[in-house]
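The working numbering puts the first residue of the sequence shown at 1, with every later residue one more than the last. Ideal Cβ placement from N, Cα and C applies to all residues, glycine included. Below you'll find the structure, written out as structure tokens, and then a few comments.
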Amino acid sequence: MKWGIMGPGGIVRRVSKSFAVAEGPEMFAIASRSEDRAKAAAEAYNTKRWYGSYEELVKDPDVEVVYVSTPASFHCEHACLALEHGKPVMCEKPFAVTEAEAKRMADCARANGVFLMEAMWTRFIPSILKARQWVEEGRIGKIVMIQADMGFYGSKEPPGAPVLPVASIGGMLDIGVYTTSLAAYMLRKMPLEVKAFGTFNPFGVDSQAAAIMRYDEGELVSMYASGSTESANEAWIYGIDGKIHIPKWFWCAQSAELFPRGGNPEVFEHKTAAEGFEYELLEVERCIREGLKESPTMPLDESIAIIGTINQIRSDWH
């Protein structure tokens with residue numbers, strides 16, 4: 001399918017590698033609000049067309065699906081623009097900044113009868129799918145606890161003033177969305193209660209977050225997200241009959257380990273051709289070909305609920 005890229009940000013450079021190896025998806029057109037940026041991006045990624053406005057991109061009859069990769073504060077506006085022009089959309093994570101925005105996006109997709117999916121690429125990585133399969137098969141019994149962390153070394157230089165609204169950026173939205181989404185995927189439900197703490201830079205942007213979430217059957221999830229230091233970057237899923245380890249880097253891990261209670265360990269391994277974004281691209285195209293309006297693996301109501309949980313966490317520290 002011919003993809004139109006809305007916004008030539010840094011994530012596009014990484015996703016472009018997956019376009020190059022995935023059979024079917026084509027980076028066909030790219031758009032920016034700056035003609036110079038759009039033209040430069042088209043040359044860098046060898047796209048056939050480029051546009052100096054997003055309106056031109058969504059009006060191109062040859063564009064079959066749109067990838068929204070603009071900053072999160074614009075996701076709602078830009079996704080709805082494409083959806084209202086009948087273009088299926090894959091929207092970069094975090095899906096939106098607020099639950100209200102996420103609901104508006106889902107409502108827009110449903111009202112126009114057009115496909116929409118959050119680009120939570122982790123859910124389509126083979127190791128994560130295998131871990132979920134082990135859970136569904138009852139290999140570790142009832143899940144009672146999940147631990148997940150994601151952290152990177154930040155700059156030692158003092159932070160500059162943010163160019164985007166503080167509410168639309170920060171570690172919890174950019175990094176914590178991975179741990180929150182993983183918990184939702186494995187438990188298939190959202191927490192009843194959240195307790196969280198955050199660390200902020202002088203401009204009020206969160207650089208670190210720690211949270212514990214409690215669920216309706218007593219399950220506990222502990223998560224840590226940091227833009228200040230490198231953490232273990234792994235996940236553990238604990239059940240009454242065993243545990244699953246998703247090693248570093250868990251969101252795109254190329255292996256998963258099963259430790260059944262009283263049994264022999266089992267290891268699943270695979271090798272991605274690029275960074276792993278190719279799996280979400282293929283999922284979008286599969287859903288569109290089959291006439292689905294959302295992905296059963298990353299349903300819209302779950303994307304909405306995850307943003308709601310993230311904002312519960314953020315509200316707990318204010």
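Selected residue, minimal CA-CA separation from residue i, among the options
i: Glu84; options: Asp62, Ala100, Ala253, Leu116; result: Leu116
i: Lys243; options: Asn264, Ala184, Leu292, Arg49; result: Asn264
i: Ala119; options: Val166, Pro299, Glu35; result: Pro299
i: Pro71; options: Val12, Gly24, Ala305; result: Val12
i: Leu129; options: Ile304, Ser34, Lys156, His270; result: His270
i: Val144; options: Lys195, Ala79, Met213, Thr179; result: Met213
i: Val177; options: Arg37, Glu136, Trp251, Asn201; result: Trp251
i: Thr122; options: Leu258, Asp301, Arg286, Lys248; result: Lys248
i: Gly9; options: Arg188, Gln312, Ile30; result: Ile30
i: Lys195; options: Thr309, Gly141, Pro159; result: Thr309
i: Pro88; options: Gly227, Pro191, Ala256, Asp62; result: Asp62
i: Gly4; options: Ile246, Ser231, Ala38, Ala211; result: Ala38
i: Phe277; options: Ala225, Glu92, Phe203, Met223; result: Glu92
i: Ala274; options: Ser16, Lys2, Met1; result: Ser16
i: Val135; options: Asn311, Arg110, Trp236, Glu302; result: Trp236
N-terminal and C-terminal residue of the alpha helix (DSSP H) that residue i is part of
i: Leu327; result: Nothing can be reported for residue 327, as the shown portion of the chain is limited to 1 through 318.
i: Asp301; result: 300-316
i: Glu99; result: 99-112
i: Tyr178; result: 176-187
Residue burial classification, residue i (beta-carbon count within 10 angstroms, cutoff 16)
i: Lys295; result: Checking the sequence, you will find Ser at residue 295 rather than Lys. With 16 or more Cβ atoms within 10 Å of its Cβ, Ser295 is classed as buried.
i: Leu164; result: exposed
i: Glu43; result: exposed
i: Gln208; result: buried
i: Arg314; result: buried
i: Arg14; result: exposed
i: Thr229; result: exposed
i: Leu192; result: exposed
i: Glu283; result: buried
i: Ser32; result: buried
i: Phe28; result: buried
i: Ala161; result: exposed
i: Tyr67; result: buried
i: Gly198; result: buried
Enclosing beta strand (DSSP E) for residue i [first to last residue]
i: Gly151; result: 143-151
i: Lys293; result: No beta strand (DSSP E) holds Lys293; DSSP gives it neither H nor E.
i: Tyr215; result: It is not in any beta strand (DSSP E) - Tyr215 carries neither H nor E in the DSSP assignment.
i: Lys243; result: 242-246
i: Pro260; result: 255-260
i: Val267; result: 266-269
i: Ile5; result: 2-6
i: Met117; result: 116-119
i: Cys91; result: 89-92
Expected contact under 8 Å - CB spacing of residue i and residue j to nearest Å
i: Ala305; j: Ala184; result: 7 Å
i: Leu182; j: Ala148; result: 6 Å
i: Met6; j: Ala82; result: 7 Å
i: Phe74; j: Leu281; result: 21 Å between Cβ atoms; not a contact.
| query | Could you give the uninterrupted runs of the alpha helix (DSSP H) lying entirely in the segment 8-76, keeping only those of 4 residues or more? | reply | Within the segment 8-76, complete alpha helix (DSSP H) segments of at least 4 residues are found at 10-21, 35-45, 54-59, given in chain order.
| Length-filtered (4 minimum) alpha helix (DSSP H) runs lying within the segment 191-235 | You should have found no qualifying run.
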